[in-house]
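Listed in order, the protein sequences are those of chains G and E.
Counting from 9, one number per residue, gives the positions in the first sequence under my numbering.
Counting from 6, one number per residue, gives the positions in the second sequence under my numbering.
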Amino acid sequence: MNDLLIAGGIGVAFGCALECAGLGDPPKLAGQFYLRDFTVLKVMLSAMLTATLGVFWGARLGMLDLGALYVPETYLLPQGVGGLVFGVGFVLSGLCPGTSCVALASGRIEGAATILGLFAGVLTVGLAFPAIEPFYRSTPHGPLTLQSLTGLPYGVVVAIVTVVGVSTLAWIAKREAGR
Amino acid sequence: MKLARRLGIGALALGLVAPFAGSPLRTQQRGLDLDSIARAIDEGSDHVSARQLAQWIRDRRPGLRVIDVRSSDAFREDAIPTAENLPIDQLAKSSFAPGQTIVLYSQEGAHAGQAWVMLRALGVTHAVFVPGGLADWRDEVLHPLLPADASPAERALIADLSRYFGGSPRIEGSQGGAGTASTAHGLRRRGC
């Protein structure tokens, strides 16, 4: 029960942050795909930087046990296909699952339509699961991380991700200031 | 914009210091590597005899760390010289430097063997245990039975090691109180 309350609190805070960033607005999200609006990239990059640095330094200072973190397993081909389907839905509706809830909460009808489509998709996959299960479990690679993939020390990966993230954000800021 | 720039510089600083901050992992690897454990048991690289340990201690082997996993009460009563007491429930909270040779022992050896597996689970691969524990230390090092058929050099080696630690070797075949002649030494050195 306590976990549910904490999860609910984090969810509401996450929704607030998305709304503050303007991600409840479908044209804004779709604008990312046409490279007109970089809000999505900015939100994603700043979230990745916060998480990367937060997890590394939290663990380094003994506040977090890295062993307790769950790293999802990679199934290359099915996840690639899933990502494409997800991307098509994303650009068509201008919303992702999280932002569709935000859009609905702020009174946008597109949000309700996207949530409906989301659950229709979940139901379809659930019903078809026995048929697609072999594909779902194909090309397994276990939990992949950048460290295990590159063989670099954790700290070096953190530095590279930070430099790439911050310089991309700086580039976006410069581009937006130039307009 | 000013806040965003400050945040960016802060993130950059934290990120660039990260490679020099050391590993955030408490141990290199959590979870049991069953293959390497099976290999170590098969090869016998998981344990060391009490006599070998005694030679290591006498020769001041660099990086040697002898750990007694029994309770602190038992440790105070009797222990192998140079050993430090680290009861089994405190093992997981301790840190072990990579360059060391960690030797675990307990009263009879079972607990030390279990502690060895615990250290493996914590990613510590440079540990061994004494299978016979403190009992072996007494029988093999402090009061070893000098075999009657062994060469004089061999017997001298065992006897020397025993006397180094204040023990008294027994001579095989001697009647009644084993090694009555050597008990006269009566030295009981603890530590060096």
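Using N, Cα and C, we set each Cβ at its ideal position, and we do this for glycine too.
- Residue burial annotation: G:Val96 is exposed, with fewer than 16 other C-beta atoms found within 10 angstroms of its C-beta.
- Here E:Glu89 is bridged, per DSSP, to E:Ile72.
- Shown in chain order are the members of the segment 62-82 of chain G whose Cβ falls below 9 Å from a Cβ of chain E: Val63, Phe64, Trp65, Gly66, Ala67, Arg68, Leu69, Gly70, Leu72, Asp73, Leu74 and Gly75.
- Under the 10 Å beta carbon count, G:Ser175 is surrounded by fewer than 16 other beta carbons and is classified as exposed.
- When C-alpha distances from E:Pro24 are compared across G:Gly16, G:Leu12, G:Phe22 and G:Trp65, the shortest belongs to G:Trp65.
- Residue contact with chain E for G:Pro161: present (Cβ-Cβ distance below 9 Å to some residue of chain E).
- In the structure shown, E:Glu113 falls within a coil segment according to DSSP collapsed to helix, strand and coil.
- Neighbours of E:Phe25 in chain G, taken as residues at a C-beta separation under 8 Å, are given in chain order as Gly163.
- Check the Cα spacing between E:Ala26 and each of G:Ala113, G:Val51 and G:Gly70: the tightest is with G:Gly70.
- Leaving aside the five residues that flank G:Gly39 on each side, the residues in its chain whose CB is nearer than 6 Å to its CB run, in chain order, Asp45.
- At least one CB of chain E lies nearer than 9 Å to the CB of G:Val174.
- Ranked by how close their Cα comes to the Cα of G:Gly90, the residues G:Gly186, G:Val169, G:Ser156 and G:Ser146 have G:Ser146 in first place.
- Residues of chain G with a Cβ closer than 7 Å to the Cβ of E:Ala16 are, in chain order, Leu57, Leu61, Thr170 and Val174.
- Under a 10 Å Cβ-count criterion, G:Tyr78 is classified as exposed, with fewer than 16 other Cβ atoms of the shown protein chains found around its own Cβ.
- At a Cβ-Cβ threshold of 9 Å, G:Thr170 and E:Leu19 count as neighbours.
- In terms of Cβ geometry, E:Leu37 and E:Arg125 form a close pair [threshold 9 Å].
- G:Tyr162 carries a helical assignment under DSSP once its states are collapsed to helix, strand and coil.
- A check of alpha carbon separations from G:Gly30 across G:Phe41, G:Val51 and G:Asp11 identifies G:Val51 as the nearest.
- When the five nearest sequence neighbours on each side are left out, the beta carbons in the same chain lying within less than 7 Å of the beta carbon of E:Ile163 are those of Pro149, Leu151 and Pro174, in order along the chain.
- Your pair E:Leu30 and G:Leu157 does not check out as a contact, with CB atoms roughly 17 Å apart and the cut at 8 Å.
- By the C-beta density criterion, G:Ala139 is exposed, having fewer than 16 other C-beta atoms within 10 angstroms.
- Counting only unbroken stretches of 3 or more residues, the beta strand (DSSP E) elements lying wholly within the segment 47-107 of chain G are 81-83, in sequence order.
- Beta-bridge pairing by DSSP links E:Thr106 to E:Leu69.
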